[in-house]
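What follows is a short report on a single structure.
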């Protein structure tokens, strides 16, 4: 069966004050679609994954938000981390829990806060990918054909092509490059943005984690008897902090020899910056992206405005600014200076 | 005795959204002094006018605001207009009420929403002025020595000087001039900004109103018996709407032959525009005027920011903007475009 594991533990600090530790970006309707990013992530898999096969891994602080936004989720499917330990322990927890009853499960592992503009193509790619991992003992990453030399993403270099030249072996993972290097990647071709979305069978994932993080694997082996019982949360709260703080890329993918990449284009964005959010959001005729609020723009272009529902704002004479209000905090800053938002947020 | 009549019925529409019809500018601490403009107006007359000789004329909608901000005021000293009728009826109401028991009273008549930076000099001028009107049957206006060819104020042209050349006869009142005309005024000299503050004995004011607006005078004569009784408000509510909608300048001063002007300089401003407010407010090293709120300015200059108490704002990379929030409405606009604020306020 296909299972969807949604990683929803991020804190979204780059989107302050819209996104706060109390309510990070994945729990907000940042694109003004009427759904939060988490909800959109789930809905995107409609008819591909059954509701009872959806799993959300998040911080224990966000239980109420998940429960409210995805009320159909059984408590057993909301995996609550007592502390942040990056993606490897997060994926291990879900994998161990699922493999207890379905080691042959096809796992689709995806962040909760990404966006795809071409959902039909995304669904086609996922379905092709599931077919692939069902019959191959590999980890299939989705690589995005780059449109520009982006320095904010990691890249996947493809190797030999399989399957009528769509899916390729991975030759190498590349860290976020500088602009010159990214330009070389684009010129040479065969490099794809690492979307952070991947597909793998539960038993394959288990094996890879066991091989690369044997102590962590043992930790989850010891929890096997408490999964799906009333004792699970307490046991996780006790054991999980011992997990290494390490990403799945660094812990597994960069060393594994069964890595594959599916080069695809479905209008993907990690919505990792206000700039990315601006690109993906609907814009008015003057190129302003207005998310919620009751906002009037005059002689303004290229702005992105986030306001609480119903909040009235008049913005006149601004070019390329971020205007964001939440929880009684207002930020006005140049879009070009968004990398300083963390610094701004620390001023209070 | 000296009596102070404060005209506090304005609606301050140019300062939206900071100032609203529910709470206009005179009831707000727009300069960040810790006092509202109404309070500062009263406190400025400390030891010149006794508390029991202070009168506030305002709209009946603002009774609670006046009562809260000036709790020492007896209800008989809060004169409530049932509708807006400009300054002549406002002044007539107060004059008739005061002259009932003290026709020889010296009246100091002042708007509630002006500012003076040199309070000591202002107090000296007021005291000199009171001396003058006690012994002269005239109306003494305070004329401000102009510092620049302002087109937002009316001007008073002085005539022959009296009293060791300080107080002069008024030769003419001039409407708000265009820039060229204002420049001529400055070059020629003998023209002063009309501050809207004037001094006059109650009986002199009564006589002038009786002569210029005889029907209105009769209306207030008829109310004489109800002043200071429980029936006063109901009678005013019934009669006041019949008053002509006319300013004291137009109704009396421009025709009277007993007009005097005291040329003075005490850092006066009518705070009539955001620009004027900006000039009078305290500014940080970068020239930003921050009124209330918890506001951090970065790489910003020449801005004026009004935020509700405690409201957190970060403003980065703005030059010469107005940022004002009140009652859940935020305005961001260029200072140079402030004359369009009324238009902006009508967008909702």
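Residue numbers (the UniProt record's numbering), protein chains in the order written: chain A, 1 to 348; chain B, 1 to 348.
Glycine included, C-beta positions come from ideal geometry on N, C-alpha and C.
Does residue i get closer than 8 Å to chain B when you measure Cβ to Cβ?
{"i": "residue 304/A", "result": "no"}
{"i": "residue 296/A", "result": "yes"}
{"i": "residue 7/A", "result": "no"}
{"i": "residue 350/A", "result": "This structure does not reach residue 350/A, given that chain A is present from 1 up to 348, and the question cannot be answered."}
{"i": "residue 66/A", "result": "no"}
{"i": "residue 313/A", "result": "yes"}
{"i": "residue 331/A", "result": "yes"}
{"i": "residue 257/A", "result": "no"}
{"i": "residue 337/A", "result": "yes"}
Going by Cα to Cα distance, which pick from the options is closest to residue i?
{"i": "residue 299/B", "options": "30/B, 284/B and 186/B", "result": "284/B"}
{"i": "residue 109/A", "options": "335/A, 42/A and 156/A", "result": "42/A"}
{"i": "residue 147/B", "options": "192/B, 305/B, 167/B and 99/B", "result": "192/B"}
{"i": "residue 184/A", "options": "160/A, 24/A, 79/A and 149/A", "result": "149/A"}
{"i": "residue 27/B", "options": "131/B, 38/B, 236/B and 188/B", "result": "38/B"}
{"i": "residue 209/B", "options": "266/B, 251/B, 159/B and 170/B", "result": "251/B"}
{"i": "residue 304/A", "options": "102/A, 312/A and 292/A", "result": "292/A"}
{"i": "residue 18/A", "options": "334/A, 336/A and 328/A", "result": "328/A"}
{"i": "residue 52/B", "options": "36/B, 59/B and 73/B", "result": "73/B"}
{"i": "residue 205/B", "options": "180/B, 224/B, 68/B and 93/B", "result": "93/B"}
{"i": "residue 242/B", "options": "219/B, 260/B and 233/B", "result": "219/B"}
{"i": "residue 290/A", "options": "14/A, 309/A and 155/A", "result": "309/A"}
{"i": "residue 344/B", "options": "336/B, 331/B and 335/B", "result": "331/B"}
{"i": "residue 254/B", "options": "139/B, 339/B and 238/B", "result": "139/B"}
{"i": "residue 342/A", "options": "125/A, 141/A and 12/A", "result": "12/A"}
{"i": "residue 266/A", "options": "197/A, 15/A and 187/A", "result": "197/A"}
{"i": "residue 306/A", "options": "319/A, 317/A, 174/A and 288/A", "result": "288/A"}
{"i": "residue 159/A", "options": "169/A, 151/A, 153/A and 33/A", "result": "169/A"}
{"i": "residue 172/A", "options": "24/A, 16/A, 260/A and 315/A", "result": "260/A"}
Say whether chain A places a C-beta atom closer than 8 Å to the C-beta of residue i.
{"i": "residue 190/B", "result": "no"}
{"i": "residue 347/B", "result": "yes"}
{"i": "residue 266/B", "result": "no"}
{"i": "residue 334/B", "result": "yes"}
{"i": "residue 328/B", "result": "yes"}
{"i": "residue 418/B", "result": "Given that chain B is displayed from residue 1 to residue 348, the structure contains no residue 418/B and the question cannot be resolved."}
{"i": "residue 284/B", "result": "no"}
{"i": "residue 221/B", "result": "no"}
Which stretch, first to last residue, makes up the beta strand (DSSP E) that contains residue i?
{"i": "residue 155/B", "result": "155-161"}
{"i": "residue 304/A", "result": "304-306"}
{"i": "residue 316/A", "result": "312-316"}
{"i": "residue 191/B", "result": "191-201"}
{"i": "residue 170/A", "result": "168-174"}
{"i": "residue 326/A", "result": "321-326"}
Could you spell out the range, first to last residue, of the alpha helix (DSSP H) harbouring residue i?
{"i": "residue 41/B", "result": "37-43"}
{"i": "residue 349/B", "result": "Here chain B comprises residues numbered 1 to 348, so residue 349/B is not present and cannot be evaluated."}
{"i": "residue 334/A", "result": "Taken as a continuous stretch (DSSP letters only), residue 334/A belongs to no alpha helix (DSSP H), being part of the beta strand (DSSP E) at 329-334."}
{"i": "residue 2/A", "result": "Here residue 2/A belongs to no alpha helix (DSSP H); instead the beta strand (DSSP E) covers 2-7."}
{"i": "residue 187/A", "result": "179-188"}
Please classify residue i as buried or exposed, where buried requires at least 16 other C-beta atoms within 10 Å of its C-beta.
{"i": "residue 106/B", "result": "buried"}
{"i": "residue 221/A", "result": "exposed"}
{"i": "residue 227/A", "result": "buried"}
{"i": "residue 64/B", "result": "exposed"}
{"i": "residue 257/A", "result": "exposed"}
{"i": "residue 194/B", "result": "buried"}
{"i": "residue 83/B", "result": "exposed"}
{"i": "residue 47/B", "result": "exposed"}
{"i": "residue 1/B", "result": "exposed"}
{"i": "residue 215/B", "result": "exposed"}
{"i": "residue 244/A", "result": "exposed"}
{"i": "residue 127/A", "result": "exposed"}
{"i": "residue 338/A", "result": "buried"}
If we cut at 8 Å on Cβ distances, does residue i have a partner in chain C?
{"i": "residue 102/A", "result": "Of the protein chains in the structure, A and B, none is chain C."}
### Task
Kindly provide the ranges of any alpha helix (DSSP H) runs that are 4 or more residues long and lie completely inside the segment 224-296 of chain A, ordered along the chain.
Those alpha helix (DSSP H) runs which fall completely within the segment 224-296 of chain A and span 4+ residues are 232-239 and 274-280.
### alpha helix (DSSP H) segments (min. 4 residues) lying fully within the segment 81-156 of chain A
The segment 81-156 of chain A contains these whole alpha helix (DSSP H) runs: 87-101 and 119-135.
### Task
With a floor of 3 residues, list each beta strand (DSSP E) that falls wholly inside the segment 49-75 of chain A, ordered by position along the chain.
List check, beta strand (DSSP E) in window: 54-59.
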